[in-house]
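Everything on this sheet refers to the single structure shown next.
There are 2 protein chains.
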Amino acid sequence: MERKLNVVKIEKNYHHGDLRQALIQSALALLADKGVEAFSLRETARRAGVSPAAPKHHFKDTRGLLTALATIAFTRLADALEESDAAAAQDLSSRLGAQGAAYAAFALAEPALFALMWRTAMFDLTDINLLAEKARAFDSIDRLVRGAAAPRVPHADPAMAPTIACWSLVHGFVCLMLDGGLGEDRDAQAQATDTLLPAMIGLLNIRN
Amino acid sequence: MERKLNVVKIEKNYHHGDLRQALIQSALALLADKGVEAFSLRETARRAGVSPAAPKHHFKDTRGLLTALATIAFTRLADALEESDAAAAQDLSSRLGAQGAAYAAFALAEPALFALMWRTAMFDLTDINLLAEKARAFDSIDRLVRGAAAPRVPHADPAMAPTIACWSLVHGFVCLMLDGGLGEDRDAQAQATDTLLPAMIGLLNIRN
DNA sequence: TCTCAAATCTAGACAGTGTAAAGTTAAAGC
DNA sequence: GCTTTAACTTTACACTGTCTAGATTTGAGA
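Sequences listed follow chains A and B, in order.
Following my numbering, the numbering of the first sequence begins with 68 at its first residue and continues without gaps.
Following my numbering, the numbering of the second sequence begins with 68 at its first residue and continues without gaps.
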């Protein structure tokens, strides 16, 4: 029954070929489908067509897989922020608006992935790749708010107030929206993102 | 062996007396101990000294219990916000600072309970008591930011920008801090709450 | 006081979960 | 071609939530 003639190995092999990548894809799909709370390693393996214990060879455990997913999430966020800033106009306020919109757009496009990023009990927060991507995202914000020439200081330093304020404002707004703080109406949420968010950013006294 | 003479029934009865309340207490303790992710209905029952299925009579399921806990959380937050405003000075900026500090203090004092409030997939977001307490908390913020005389409008209304901005800023800051966005150093976090948060609120253009 | 129904809890079971240990298969290295 | 090693399966165990049926206690009515 099984045709073994195909050069491209489509039929199920014992060795998968690139199971690691396949698992990540399954996991991303599962996450998007069911959300963070309903995520399951077994279901991920099932979707990839392998046994429940197969992932262990590529990720130590669920935590390991989720660490990889969170890293991907931070990569995508950092990319989105950098791109939005590169494409934006020259004046600061519109650049701030563009980056805020990019942040919100990313979160609304992949809410489960965005939620995972902040479920720090679920993955390894000290993972070096994850930290790098997270720092890249943060730097993108900081570079815009405090200026490319501003000296790097610890997060808790008073000089960081504008950056953290900007980040907090947008992050908080997005979280409240996704987590039911601003009602459940999807249309109202979209409208809030389009009109309310820029207005809110405009209330912030940022000048560099 | 068992002394039945005590008027106050201390020994273990088949009927617990007030299992509902006991379960809530166990659940709150468990939540504080292990966090939201590690919460378990069976463990809650175990701590209350009853069988795994006992909670069903008082809460339909885990979701039901968590809805009760989230309602308690919103009640406490609303209380804290109202009290802080009642005790604060008269000028707007210090009142804003006080309420922001109260919000942060609540979240830092009970991080797991605070986290639960926004895990909207875990409980019944349409519960009428929960909605009432949540609205009370929101009204406390809105009353301060937009003034007691300001007309009530939908959340997405442009007039809401100051309120949502204020809430988003503080909420986002607290979330970032609890979820590792601002590093893991507890001392730095405490310092950030004391010095950075007021500075950030000061950056907001609020006048009513 | 006795009885009986309702409320409350226990016991047992089932389908899920994560993951550890041991066995099987295929590929790679010599 | 043979052996080693990596990749995967199988099996098993301890958890989880929740369903069912049954046991116990309480309280209300006769």
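We treat Cβ as the ideally placed atom computed from N, Cα and C, and that holds for glycine.
Original post:
Grouping DSSP H, G and I as helix and E and B as strand, with all else coil, what is Leu-270/B?
Top reply: coil
Original post:
Among Arg-213/B, Thr-193/B, Gly-167/B and Asp-128/B, which has the Cα closest to the Cα of Phe-240/B?
Top reply: Gly-167/B
**OP:** Answer with yes or no whether the minimum CB distance from Val-237/B to chain A is below 9 Å.
**Re:** yes
**OP:** Consult DSSP for Leu-263/B and reduce its assignment to one of helix, strand or coil.
**Re:** helix
**OP:** Look up Ser-107/A in the DSSP assignment and say whether it is helix, strand or coil.
**Re:** coil
**OP:** May I have a chain-ordered list of the alpha helix (DSSP H) segments no shorter than 4 residues that lie completely inside the stretch 135–179 of chain A?
**Re:** 159–176
Original post:
Per the contact definition of three or more C-beta pairs closer than 8 Å, is the stretch 91–104 of chain A in contact with the stretch 182–192 of chain A?
Top reply: yes
Original post:
Using 9 Å as the limit for Cβ to Cβ distance, is His-105/A near chain B?
Top reply: This sequence places Ala at residue 105/A; His is not what is there. Chain B contact via Cβ: present.
Original post:
CA-CA distance, Ala-154/A and Ala-120/B?
Top reply: 58 Å
Original post:
If we ignore side chains and look at the alpha-carbon of each, how far apart do Leu-144/B and Ser-118/A end up?
Top reply: 46 Å
Subject >> Below-9 Å beta-carbon distance, Pro-221/A vs any chain B residue >> reply: yes
**OP:** Would you verify that the beta carbon of Glu-251/B is, or is not, closer than 9 Å to some beta carbon of chain A?
**Re:** yes
**OP:** Look at the alpha carbon of Ala-165/B and the alpha carbon of Ala-147/B, and state the distance between them as a whole number of angstroms.
**Re:** 11 Å
Subject >> Phe-126/A versus Thr-134/A - alpha carbon distance >> reply: 9 Å
Subject >> Distance between Met-267/B and Arg-274/B (C-alpha atoms, nearest Å) >> reply: 16 Å
**OP:** Measure the alpha-carbon distance for Ala-172/B versus Ala-259/A and round it to whole angstroms.
**Re:** 28 Å
Original post:
So which residues of chain B does Gly-247/A contact, with C-beta pairs closer than 9 Å?
Top reply: Trp-185, Thr-187, Leu-192 and Lys-201
Original post:
What is the C-beta distance between Thr-230/A and Arg-203/A, in whole angstroms, given that I count them as a contact (C-beta under 8 Å)?
Top reply: That belief does not hold up - the Cβ atoms of Thr-230/A and Arg-203/A are roughly 14 Å apart, past 8 Å.
Original post:
Could you give the distance in angstroms between the alpha-carbon of Ala-169/A and the alpha-carbon of Gly-269/A?
Top reply: 16 Å
Subject >> Cβ-based burial, Cys-233/B [other Cβ within 10 Å; buried from 16] >> reply: buried
Original post:
Beta-carbon separation of Ser-235/B and Leu-243/A under 9 Å?
Top reply: yes
Original post:
Does the distance from the CB of Gly-250/B to the CB of Ala-199/A come in under 9 Å?
Top reply: no
Original post:
Since Gly-102/A meets chain B, which of its residues come closer than 9 Å, beta carbon to beta carbon?
Top reply: Ala-188
Original post:
At a Cβ threshold of 9 Å, is Gln-256/A touching chain B?
Top reply: yes
Original post:
What is the C-beta distance between Pro-122/B and Thr-111/B, in whole angstroms, given that I count them as a contact (C-beta under 8 Å)?
Top reply: 7 Å
Original post:
Would a check of beta-carbon distances place Pro-225/B closer than 9 Å to chain A?
Top reply: yes
Original post:
Under a Cβ-count criterion, where at least 16 other Cβ atoms within 10 Å of its own Cβ denotes burial, should Gly-116/B be classed as buried or exposed?
Top reply: exposed
**OP:** Under 8 Å by Cβ, that's how I've got Pro-221/B and Thr-262/A pegged, so tell me the actual separation to the nearest angstrom.
**Re:** Between Thr-262/A and Pro-221/B the Cβ distance is about 12 Å, and since that is not below 8 Å, they are no contact.
**OP:** With Phe-190/B as the anchor, note down where its alpha helix (DSSP H) starts and where it stops.
**Re:** Unbroken run through Phe-190/B: none, as it is neither H nor E.
Subject >> His-222/A in three-state terms, based on DSSP >> reply: coil
Subject >> Identity of the residue in Leu-271/A, Leu-108/A, Ala-140/A and Thr-142/A nearest Thr-129/A by Cα >> reply: Leu-108/A
Original post:
Do Arg-253/B and Leu-211/B come within 9 Å of each other at the CB atom, strictly closer than that value?
Top reply: no
Subject >> Local Cβ density within 10 Å of Asp-158/B, reported as buried at 16 or more and exposed below that >> reply: exposed
**OP:** Measuring only between beta-carbons, confirm whether Val-75/B sits less than 9 Å from chain A.
**Re:** Residue confidence is low: Val-75/B scores 33 on pLDDT, short of 50, so the model does not pin down where it sits. Its coordinate-derived value is still stated next. Not an interface residue.
Original post:
Secondary structure at Glu-251/B, three-state DSSP: helix, strand or coil?
Top reply: coil
**OP:** Answer yes or no: do Phe-190/A and Leu-197/A have a C-beta to C-beta separation smaller than 9 Å?
**Re:** yes
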